[in-house]
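Data first, discussion second: the structure below is written as structure tokens.
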Amino acid sequence: MKRKSFLQTSAAVIGSSLLPSLSFAGDNRKKPIRFAHLTDIHVKPGLVPEAGMAKALHHAQQLKPKVDFIINGGDSIMDSLEADKQKTQTQWDLFKNILQKENSLPIYHTIGNHDIWGWFIKENKPDNDRLYGKLWVLETLEMKTRYYSFTRGNWHIIVLDSTQLNPAGGYIGKLDPVQLDWLQQELLQVPADIFICIVSHIPILSICSGLFFDKTELNGDLLIKRNLMHTDFLVLKKLFIKYPNIKACISGHIHLQDEVKYLGINYYCNGAVSGNWWGGSYQEFAPAYAIMELFDDGSSRRTMVPYK
Ligand SMILES: [Zn+2]
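In the working numbering, the protein residues as written are 72 to 379.
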């Protein structure tokens, strides 16, 4: 090492050791953007879910260092896909009331499959009701659009709408053509020195999507079903590869936790606040939420917090 650079390095080390530390022990990255990702809250009437949602929100707001905001990863309520109007209203009232009382942080919402009203109602399908489909969740959570983006520091956060009605039955994880077109335009507009974190309810890429049912098929296949991971992953992969500033993707939906690094992107599947839909752990995973830290060098860290 040349003397000059040695002196510069020493000065930097001494200088930084005298400053109040904004970083963590052994971590030279600057203060990150920190947020809590609470996904799959699935609130419904009952002591356990209601107290559980409040507890998770309290926990996230008491963290030290503090988080700057919350991202709600979707499936806010137990279910409105099959629920009648009254039951859906009750669940949304509950979600809104608890959020209003127990949370003072800015919160960004994602639409989950169970937040969509009426798609699976068999008799007297309310498809002429103006609230049918995604309008109810949009209005209740005061979301202007199904998908959107915002910027914090040198990170751009894109929130997607993963769930589409599948003509062959059920729902499917993918972007509709209009949304895919929007995402392509959006990515074009983000400067190359701004890092990108993408939020989706259904994982874009996840191994736990194939482990959700905890079984191997009779023929030996380990299946990833169309409603458990983005079926347009190969399309998204080709798009993402053009933007090396896409660094992290976060999701929920599976109630399991994994972290997959693939082609330069960290994909985090962040468990569920409701765990086994408020019956304890789902498989090996206790009810939990994630602390996400997005650093100014494009790296990220996910810490799962079992809040109970
Ligand atoms: Zn879901």
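Here a beta-carbon is modelled for each residue, glycine too, at the ideal position from N, C-alpha and C.
Residue i burial status per 10 Å Cβ neighbour count (16 or more: buried)
| i | result |
| --- | --- |
| THR216 | exposed |
| LEU254 | buried |
| THR386 | Because the chain spans 72 through 379 in this model, residue 386 falls outside it and cannot be assessed. |
| SER92 | At SER92, the pLDDT of 39 sits below 50, so the modelled position is not reliable; the number obtained from the coordinates is stated separately. Burial call: exposed. |
| PRO377 | exposed |
| HIS326 | buried |
| LEU293 | exposed |
| MET363 | buried |
| GLN27 | What the structure shows of the chain is the stretch from 72 to 379, and residue 27 is not part of that stretch, so it cannot be assessed. |
| ASN199 | exposed |
| HIS108 | buried |
| ARG74 | In this predicted model, ARG74 has a pLDDT of only 42, less than 50, meaning its place in the structure is not dependable; the value taken from the coordinates is given anyway. By the 10 Å Cβ count, ARG74 comes out exposed. |
| PHE166 | buried |
| LYS115 | buried |
| PRO238 | exposed |
| ASP368 | exposed |
| PRO380 | Because the chain spans 72 through 379 in this model, residue 380 falls outside it and cannot be assessed. |
| ALA319 | buried |
| ALA359 | buried |
| HIS272 | buried |
| LEU208 | Checking the sequence, you will find Val at residue 208 rather than Leu. The residue is buried, with at least 16 neighbouring Cβ atoms inside 10 Å. |
Residue i: CB within 7 Å of a non-hydrogen atom of ligand 1
| i | result |
| --- | --- |
| GLY68 | The structure shown does not extend to residue 68, since the chain is modelled only from 72 through 379, so no value can be given for it. |
| HIS301 | no |
| HIS324 | yes |
| HIS272 | yes |
| ASP150 | no |
| ASP111 | yes |
| ASP329 | no |
| ASP146 | yes |
Segment limits, beta strand (DSSP E) that includes residue i
| i | result |
| --- | --- |
| LYS318 | 317–322 |
| LEU305 | No beta strand (DSSP E) holds LEU305; the alpha helix (DSSP H) holding it covers 304–311. |
| TYR203 | Looking at the DSSP string, TYR203 is not in any beta strand (DSSP E), and its letter there is neither H nor E. |
| PHE266 | 266–270 |
| GLU330 | 328–333 |
| CYS279 | Where CYS279 is concerned, there is no enclosing beta strand (DSSP E), given that its DSSP letter is neither H nor E. |
| VAL364 | The amino acid occupying residue 364 in the given sequence is Glu; Val does not appear at that position. Segment 360–365, the beta strand (DSSP E) holding GLU364. |
| ILE325 | Looking at the DSSP string, ILE325 is not in any beta strand (DSSP E), and its letter there is neither H nor E. |
| THR374 | 371–376 |
| ILE182 | Here ILE182 belongs to no beta strand (DSSP E), and DSSP marks it neither H nor E. |
| ASN341 | 336–341 |
Alpha helix (DSSP H) segment containing residue i, residue limits
| i | result |
| --- | --- |
| VAL208 | 206–211 |
| LYS156 | 156–173 |
Any non-hydrogen atom of ligand 2 within 7 Å of residue i CB
| i | result |
| --- | --- |
| GLU257 | What this structure holds is ligand 1, not ligand 2. |
Is there contact between the region 333–344 and the region 301–316, where contact requires at least three CB pairs shorter than 8 Å?
-> Segments in contact, yes.
For the region 220–260, which segments carrying the beta strand (DSSP E) assignment without a break, of at least 3 residues, lie completely within its bounds, in sequence order?
-> 226–230, 234–236 and 242–244
Complete runs of the alpha helix (DSSP H) confined to the region 109–151 [at least 4 residues] | 118–132
contact_flag[the region 177–190, the region 352–371] where n(CB pairs < 8 Å) is 3 or more = Short answer: they don't touch.
Does the region 277–286 come close enough to the region 224–233 that 3 or more CB-CB pairs lie under 8 Å?
-> no
Three CB pairs or more closer than 8 Å across the region 260–274 and the region 311–319 | Inter-segment contact for the region 260–274 and the region 311–319 is present: three or more beta-carbon pairs are separated by less than 8 Å.
Using 8 Å as the threshold, is the region 340–351 in touch with the region 153–172, meaning 3 or more CB pairs across them?
-> no
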